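Beneath this line is the structure, given in structure tokens, with notes to follow.
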Amino acid sequence: MDRKRCAAPGCGRFVRRGAEWCRAHGAADEEATDERQHAREEFRRRLAQGDYRQLFDADVQAVMAQAAAEPGLADEIGALRIVLARLLLEEADLGKLVAGVARLVSATTQAARAQRAIAGETGQGLTEAINRFLAELET
Ligand SMILES: [Zn+2]
């Protein structure tokens, strides 16, 4: 009779009858499930408090604020282009390639347009500030 082996990639240990994982990987999997369950419960508890800011830990909040303060969309456009390059290299199905490229080009174009709008606003704001400064000098 063939004995079943552990489902964890590269493990190869035999498992108990009816089990998917060996003792080592089964425990790790159970632990991960417990952790996810705990995270879900904690999120619901915080959500019930009705305060958006309390949903995230202080360090996560700090990183979010830092990321949001980053001007422009250079990271987003860069990420889209990396995905486009990966798609071009890895997708063998022509239909999926065409659909994926069309979606990514559309998203990149929108992001680039938004980027220009943001840059324009920044430029306009600077022009207004300079004009105000000059007007103040004249009076
Ligand atoms: Zn295993």
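Each residue of the sequence shown is one higher than the one before, counting from 4 in this note's numbering. Every residue, glycine too, gets a C-beta built ideally from N, C-alpha and C. This structure is a prediction, so every number in the text was calculated from the model and none was measured.
Run the CB neighbour count on T36, radius 10 Å, all protein chains shown included, and call it buried at 16 or more, exposed below.
It counts as exposed.
Tell me which same chain residues have a C-beta within less than 7 Å of the C-beta of D32, skipping the five on either side of it?
W24
Taking L107 as the reference, give the member of E124, L87, A117 with the closest Cα.
L87
Give the list of continuous beta strand (DSSP E) stretches no shorter than 3 residues that lie fully inside the stretch 6-42.
none
What are the boundary residues of the alpha helix (DSSP H) that R56 is part of?
That residue, R56, is in no alpha helix (DSSP H); it is neither H nor E in DSSP.
Please indicate yes or no: does the CB of H28 lie closer than 7 Å to some heavy atom of ligand 1?
yes
Helix, strand or coil, according to DSSP, for L76 in the structure here?
coil
If contact is defined by three or more beta carbon pairs under 8 Å, each pair taking one atom from either stretch, is the stretch 37-51 in contact with the stretch 66-81?
no
Going straight from the alpha carbon of H41 to that of R48, what length do you get?
10 Å
Taking 7 Å as the cut-off, does the CB of R11 come closer than this to any heavy atom belonging to ligand 1?
The residue you asked about is not Arg; residue 11 is Ala in the sequence shown. Within the chosen limit of 7 Å, ligand 1 reaches the beta carbon of A11 through at least one heavy atom.
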